[in-house]
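Protein sequence lines correspond, in order, to chains A and B. Quick note: the first sequence, position 5, residue 5 per my numbering, numbers continuous. Quick note: the second sequence, position 9, residue 119 per my numbering, numbers continuous. Every residue, glycine too, gets a C-beta built ideally from N, C-alpha and C.
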Amino acid sequence: GQQLNQSPQSMFIQEGEDVSMNCTSSSIFNTWLWYKQDPGEGPVLLIALYKAGELTSNGRLTAQFGITRKDSFLNISASIPSDVGIYFCAGQRGAQKLVFGQGTRLTINP
Amino acid sequence: NAGVTQTPKFRILKIGQSMTLQCAQDMNHNYMYWYRQDPGMGLKLIYYSVGAGITDKGEVPNGYNVSRSTTEDFPLRLELAAPSQTSVYFCASSYSASSYNEQFFGPGTRLTVL
Chain A
1 GQQLNQSPQS MFIQEGEDVS MNCTSSSIFN TWLWYKQDPG EGPVLLIALY KAGELTSNGR
61 LTAQFGITRK DSFLNISASI PSDVGIYFCA GQRGAQKLVF GQGTRLTINP
Chain B
111 NAGVTQTPKF RILKIGQSMT LQCAQDMNHN YMYWYRQDPG MGLKLIYYSV GAGITDKGEV
171 PNGYNVSRST TEDFPLRLEL AAPSQTSVYF CASSYSASSY NEQFFGPGTR LTVL
């Protein structure tokens, strides 16, 4: 099946640091989505991107839809303990099913 | 609204046993989905449904069955459990398949097959 490569797989940072993660694909997507999964919970949508080059923010989170439509980036500024969790990217073309990345596990040292 | 609910939260099965994972949503969504999440992997689609009475296979349907007799419920059936089905299972729903309609996920069922 189609694959999304998400990196890094895990991050260990200090509280207050900024975080960057990205997702790449060999195929073009029309939509990029970023989800967060808290321990023991299902994924929750953070940001949706619908246009190449689009830059969208949600509080301390900023995501970008790559200009080639084959990648996307998520940045978290000034991390806090509640940012801990697994972050997933997902790509979609039209009404086709979502394709998920492997996830980035974020751990924050207080 | 309760959103998407799943039962049970945890289950241990012996090889060859069967069970049904329950999923319900109260948002009047047409589309419902079943995913599995293996350690270090993203979510993979097992089955989905576009409305009551209509179901279709996803990326990894082997070993599973689904039914959709009502808009609200979308149970997932494992007939002969195998260790390879040890995973966390998530149910999700959305109003339509369009990317403009968010998929809402349930809390998951953690299944272990021994």
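Interface partners of residue i on chain B, CB under 7 Å
{"i": "Leu45 of chain A", "result": "Glu212"}
{"i": "Ala95 of chain A", "result": "Ala207 and Ser208"}
{"i": "Gln102 of chain A", "result": "Gly150, Met151 and Gly152"}
Residue i and residue j closer than 8 Å at C-beta
{"i": "Ala207 of chain B", "j": "Phe215 of chain B", "result": "no"}
{"i": "Ile47 of chain A", "j": "Ala63 of chain A", "result": "yes"}
{"i": "Met124 of chain B", "j": "Leu188 of chain B", "result": "Looking at the sequence provided, one finds Lys at residue 124 of chain B rather than Met. It is not a contact, given that the beta carbons lie outside the stated cut-off."}
{"i": "Thr24 of chain A", "j": "Leu49 of chain A", "result": "no"}
{"i": "Ser177 of chain B", "j": "Thr165 of chain B", "result": "yes"}
{"i": "Ile80 of chain A", "j": "Ile13 of chain A", "result": "no"}
Residue interval of the beta strand (DSSP E) (run including residue i)
{"i": "Asn30 of chain A", "result": "Per DSSP, Asn30 of chain A belongs to no beta strand (DSSP E) and is neither H nor E."}
{"i": "Ser203 of chain B", "result": "Ser197 to Ser204"}
{"i": "Tyr50 of chain A", "result": "From DSSP, Tyr50 of chain A is part of no beta strand (DSSP E); its letter is neither H nor E."}
{"i": "Asn111 of chain B", "result": "Note, Asn111 of chain B: premise wrong, no beta strand (DSSP E); not H, not E."}
{"i": "Val176 of chain B", "result": "Tyr174 to Val176"}
{"i": "Met129 of chain B", "result": "Met129 to Gln135"}
{"i": "Gln147 of chain B", "result": "Tyr141 to Gln147"}
{"i": "Leu190 of chain B", "result": "No beta strand (DSSP E) contains Leu190 of chain B, which DSSP labels as neither H nor E."}
{"i": "Lys154 of chain B", "result": "Leu153 to Gly161"}
Proximal residues of chain B, C-beta to C-beta of residue i below 8 Å
{"i": "Ile54 of chain A", "result": "The displayed chain sequence assigns Glu, not Ile, to residue 54 of chain A. Under the 8 Å cutoff, chain B gives no residues; its nearest Cβ is about 13 Å from Glu54 of chain A."}
Nearest to residue i (by Cα), restricted to the options the options
{"i": "Ala134 of chain B", "options": "B:Tyr174, B:Asp166 and B:Ser179", "result": "B:Ser179"}
{"i": "Asn175 of chain B", "options": "B:Pro118, B:Ile156 and B:Gly218", "result": "B:Ile156"}
{"i": "Leu221 of chain B", "options": "B:Gln127, B:Ala112 and B:Gly113", "result": "B:Gln127"}
{"i": "Gly218 of chain B", "options": "A:Cys89, A:Asn5, A:Pro8 and A:Gly40", "result": "A:Gly40"}
{"i": "Gly103 of chain A", "options": "A:Phe65, A:Ser27 and A:Gly91", "result": "A:Gly91"}
{"i": "Arg93 of chain A", "options": "A:Arg105, A:Ile28 and A:Ser82", "result": "A:Ile28"}
{"i": "Ser10 of chain A", "options": "A:Phe65, A:Ser20, A:Gly16 and A:Leu4", "result": "A:Ser20"}
{"i": "Ser77 of chain A", "options": "A:Arg60, A:Val84 and A:Asp83", "result": "A:Arg60"}
Neighbour list for residue i in chain A, Cβ cutoff strictly below 8 Å
{"i": "Tyr158 of chain B", "result": "Lys97"}
{"i": "Leu155 of chain B", "result": "Lys97 and Leu98"}
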